[in-house]
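Numbering (my numbering), first residue to last: 3 to 472.
Idealized CB from N, CA, C, for every residue including glycine.
Since the structure is predicted, the reported quantities are computational estimates derived from the model, not experimental observations.
Report on the structure given below.
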């Protein structure tokens, strides 16, 4: 028996590849199927099952393409209602895989169809729990995402989650290994640990959600402080439930090389969003007017989902040479399939052709320190609220990047302001969005709060409520 966790850091997502006696199962596969196909060939095993823990909201799973290519059935837990052929398992139904067995544990709460998969080894011992979004390390799945689909409140869903955890998961042996669907950085929870594997016993001791005195206390704790989910979550659920274009088709269309003239013509004719995925430093030095920067070198896919409101938005790409396929792949993982092509030769070819360019007004932390000594300044901190609360520039306003579409209208275009994030990655995204919407009277601080902290700019951990985004 072999269990392999295939972890994708950008999405903080774990897929699982399990083999035993010539047969394999894959749990919660990502959109691109080739990594799984390669493993099956290398191990000379047959894919027997594709298990899904639920209809995912934060990524598009590869279940349909993988089933089409291998013939393996897709398995969901009870109450799932996909628009395609799938095995809808019963609670505690057992699936044999080589010399081992996998038992379905229906654990509603995160969603109604949410299920965990309990692996029993060759001797019948319970060894591993693939807990999906029901149980994370240090946290549990948020109970607010399925409200519209179920006509239930988040409190009612949290109650179901309590029953699932306390009646089905907690009675299991402490030495069982927990393999969750996500780790720290995912928007599917609020308090996840950086580790991606743990024992159930350790989670029983350390996970706040597993140590509540009663059902009501649990409901209060897991619903407190939940931030609004990213806009793309609902569309991803529908794609996972109803179906989607094959990844191979999306990749083929997206890898259409366009000369600068073609690129410009298509942009004007289609109204496509120009997405520049270069590093924030490269982008700040020059870019195509109206383009948006979301760097491939950070949490790319989640930020795409958070900042681009329409999953069906046509997109044209500007990338570093050789990064085209990776960019299309990572966009498709969160359902952004309408990619019309990429700028052949990258931004350099645009410049060489003599076309118009733009730049970000970026200043150093030292220059920022000098300027705010000489005049009164408005400062916008676009980090997460938790980062702001830990330490921030005195008098800075907290306006997290994730909510830029809500607070952007509060800014007067003629009013000058300074803007920073933690390191420069997020503030360049914000700068690109602001400039695309006509805001130009601002300065972005290179290196973000990390660079500012090395100066004598006064900082504080005191939070004035008038400085917080409402």
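Exposed or buried, what is residue 242 when buried is set at 16 or more other beta-carbons lying within 10 Å of its beta-carbon?
-> The residue you call residue 242 lines up with position 240 of the chain shown. Result: buried.
Could you pull out every residue in the same chain whose Cβ sits closer than 7 Å to the Cβ of residue 85, ignoring the five residues on either side in sequence?
Reading the chain shown from its first residue, position 83 is the one you call residue 85. Only 243, 244, 245 meet the Cβ criterion.
Close-in-space but distant-in-sequence residues of the same chain around residue 433 (CB under 6 Å, 5 per side omitted):
As a working mapping, residue 433 is identified with position 431 in the chain shown. Once the five neighbours on either side are set aside, the close Cβ partners of residue 433 are 362, 446.
Pick from 153, 173, 278, 252 that is closest to residue 350, judged by C-alpha positions = If you number the chain shown from 1, residue 350 lands on position 348. Of the candidates 153, 173, 278, 252, the one whose C-alpha sits nearest the C-alpha of residue 350 is 278.
**Report entry** 3-residue-minimum beta strand (DSSP E) runs that sit fully inside the stretch 107-149, ordered along the chain
**Finding:** Runs of the beta strand (DSSP E) inside the stretch 107-149: 117-122, 128-134.
- Query: Whole alpha helix (DSSP H) runs in the stretch 324-378 with 4 or more residues, listed along the chain?
  - Reply: Segments of the alpha helix (DSSP H) lying fully in the stretch 324-378: 326-334, 348-354, 367-376.
query = Going by C-alpha distance, which of 81, 33, 301 is nearest residue 69?
reply = As a working mapping, residue 69 is identified with position 67 in the chain shown. Looking at the Cα atoms, 33 is the closest of the given residues.
task: Give, in chain order, every unbroken run of the alpha helix (DSSP H) that is at least 4 residues long and sits entirely within the stretch 27-68.
output: The qualifying runs are 36-45.
With a CB to CB cut of under 7 Å and the five nearest residues on each side skipped, what residues in its chain are close to residue 438?
What you label residue 438 is simply residue 436 of the chain shown in a count that begins at 1. Within the same chain, Cβ atoms closer than 7 Å to the Cβ of residue 438 are found at 292, 294, the five residues on either side in sequence being excluded.
Checklist line | Check whether residue 111 and residue 163 have beta carbons under 8 Å apart | finding: As a first step, residue 111 is located in the chain shown; it is residue number 109 there, counting from the start. As a first step, residue 163 is located in the chain shown; it is residue number 161 there, counting from the start. If you check the CB distance, residue 111 and residue 163 come in under 8 Å.
Worksheet item: Do you know how far the Cα of residue 171 is from the Cα of residue 73?
Response: One-based indexing of the chain shown puts residue 73 at position 71. One-based indexing of the chain shown puts residue 171 at position 169. Taking the straight line joining both Cα atoms gives about 32 Å.
Along the chain, where does the beta strand (DSSP E) containing residue 22 start, and where does it finish? For this step, residue 22 is matched to residue 20 along the chain shown. Counting along the chain, residue 22 sits inside the beta strand (DSSP E) bounded by residues 15-22.
**Asked** Just how far apart, CA to CA, sit residue 189 and residue 332?
**Response** One-based indexing of the chain shown puts residue 189 at position 187. One-based indexing of the chain shown puts residue 332 at position 330. Between the C-alpha atoms of residue 189 and residue 332 there is a straight-line separation of about 17 Å.
Taking residue 342 as the reference, which of 259, 415, 297, 21 has the closest Cα?
As a working note, residue 342 is residue 340 in the chain shown. When only C-alpha atoms are compared, the closest one is 259.
- prompt: Under a three-way DSSP split, which group does residue 103 fall into?
  reply: Indexing the chain shown from 1 puts residue 103 at position 101. Per DSSP, reduced to three states, the secondary structure at residue 103 is strand.
If you compare alpha carbons, which of 396, 155, 138, 90 is closest to residue 181?
Indexing the chain shown from 1 puts residue 181 at position 179. Nearest C-alpha to residue 181: 138.
Q: Have a look at 64, 4, 372 and flag the residue whose alpha-carbon is nearest the alpha-carbon of residue 249.
A: Here the question's residue 249 lines up with position 247 in the chain shown. Of the listed residues, the one whose Cα sits closest to residue 249 is 64.
Can you tell me whether residue 330 is buried or exposed? The criterion is at least 16 other CB atoms within 10 Å of its CB, across all chains shown.
On the chain shown, residue 330 is found 328 positions in, with the first residue counted as 1. Residue environment analysis places residue 330 among the buried positions, since at least 16 neighbouring C-beta atoms fall within 10 angstroms of its C-beta.
ask   = Does DSSP put residue 186 in a helix, in a strand, or in coil?
value = Working through the chain shown from its first residue, we reach residue 186 at position 184. DSSP, reduced to helix, strand and coil, places residue 186 outside both helices and strands of the structure shown, so it counts as coil.
Q: Using three-state DSSP, classify residue 418 as helix, strand or coil.
A: Looking up residue 418 in the chain shown gives position 416. Here residue 418 sits in coil by DSSP.
Handout entry: Nearest-angstrom Cβ-Cβ length linking residue 266 and residue 357, presumed shorter than 8 Å
Key = Taking the chain shown and counting its residues from 1, the one referred to as residue 266 is at position 264. Taking the chain shown and counting its residues from 1, the one referred to as residue 357 is at position 355. The C-beta separation of residue 266 from residue 357 comes to about 7 Å, placing the pair in contact by the 8 Å criterion.
Unbroken alpha helix (DSSP H) runs of length 4 or more, entirely within the stretch 196-256: which are they? Within the stretch 196-256, the complete alpha helix (DSSP H) runs of at least 4 residues are 202-208, 217-225, 235-244, 249-256.
Quiz item: Should residue 15 and residue 184 be called a contact, given that it needs their Cβ atoms to be closer than 8 Å?
Solution: Within the chain shown, residue 15 is the residue found at index 13, counting from 1. Within the chain shown, residue 184 is the residue found at index 182, counting from 1. A contact, by the Cβ cut-off of 8 Å.
- request: Decide yes or no for the touch test of the stretch 92-105 against the stretch 117-126: beta carbon pairs closer than 8 Å, at least 3 of them.
  value: In short, these stretches touch, since the Cβ pair count reaches three.
message: Quick check: residue 464 and residue 238, are their CB atoms within less than 8 Å of each other?
response: The residue you call residue 464 lines up with position 462 of the chain shown. The residue you call residue 238 lines up with position 236 of the chain shown. In this structure, residue 238 does not lie closer than 8 Å to residue 464 by Cβ.
| task | Quick one: residues in its chain with C-beta nearer than 8 Å to the C-beta of residue 201, no 5 flanking neighbours on either side, listed in chain order? | result | What you label residue 201 is simply residue 199 of the chain shown in a count that begins at 1. In the same chain as residue 201, and ignoring 5 residues on each side of it, the C-beta atoms closer than 8 Å to its own belong to 176, 177, 178, 179, 180, in chain order.
**Item:** Distance between residue 431 and residue 376 (C-alpha atoms, nearest Å)
**Value:** As a first step, residue 376 must be located in the chain shown, where it is residue number 374. As a first step, residue 431 must be located in the chain shown, where it is residue number 429. Rounded to the nearest whole angstrom, the C-alpha separation of residue 376 and residue 431 is 28 Å.
Is residue 89 near residue 80, with beta carbons less than 8 Å apart? As a position in the chain shown, residue 89 is number 87, starting the count at 1. As a position in the chain shown, residue 80 is number 78, starting the count at 1. No.
Within a Cβ cutoff of 8 Å, which residues of the same chain sit near residue 452, ignoring the five residues on either side of it in sequence?
Against the chain shown, residue 452 aligns to sequence position 450. Hits under 8 Å: 424, 425.
**Study point:** Residues that DSSP places opposite residue 6 in a beta bridge
**Key:** As a first step, residue 6 must be located in the chain shown, where it is residue number 4. Paired residue(s): 19.
*asked:* My output table needs one value for residue 454: the three-state DSSP class, helix, strand or coil.
replied: Mapped onto the chain shown, residue 454 falls at position 452. Reduced to three states, the DSSP call for residue 454 is helix.
inquiry  = Using CA atoms only, rank isn't needed, just tell me which of 304, 327, 78 is closest to residue 95.
reply    = Position 93 of the chain shown, counting from 1, holds the residue named residue 95. Ranking 304, 327, 78 by Cα distance to residue 95 puts 78 first.
Give the straight-line distance between the Cα atoms of residue 53 and residue 458, rounded to the nearest whole angstrom.
Against the chain shown, residue 53 aligns to sequence position 51. Against the chain shown, residue 458 aligns to sequence position 456. Their backbone Cα atoms lie some 55 Å apart in a straight line.
| task | Quick one: measure Cβ to Cβ for residue 30 and residue 55, integer angstroms, because I've assumed they're closer than 8 Å. | result | The count along the chain shown starts at 1 and reaches residue 30 at position 28. The count along the chain shown starts at 1 and reaches residue 55 at position 53. Confirmed, Cβ separation roughly 6 Å.
Sequence-distant residues of the same chain with beta carbon closer than 7 Å to residue 392, five excluded per side: On the chain shown, residue 392 is found 390 positions in, with the first residue counted as 1. Excluding residues within five positions, the ones whose Cβ falls inside 7 Å are 463.
Whole angstroms are fine: how far does the CA of residue 40 sit from the CA of residue 311?
Here residue 311 refers to the residue found at position 309 of the chain shown. Here residue 40 refers to the residue found at position 38 of the chain shown. Take the alpha-carbon of residue 311 and the one of residue 40: they are about 35 Å apart.
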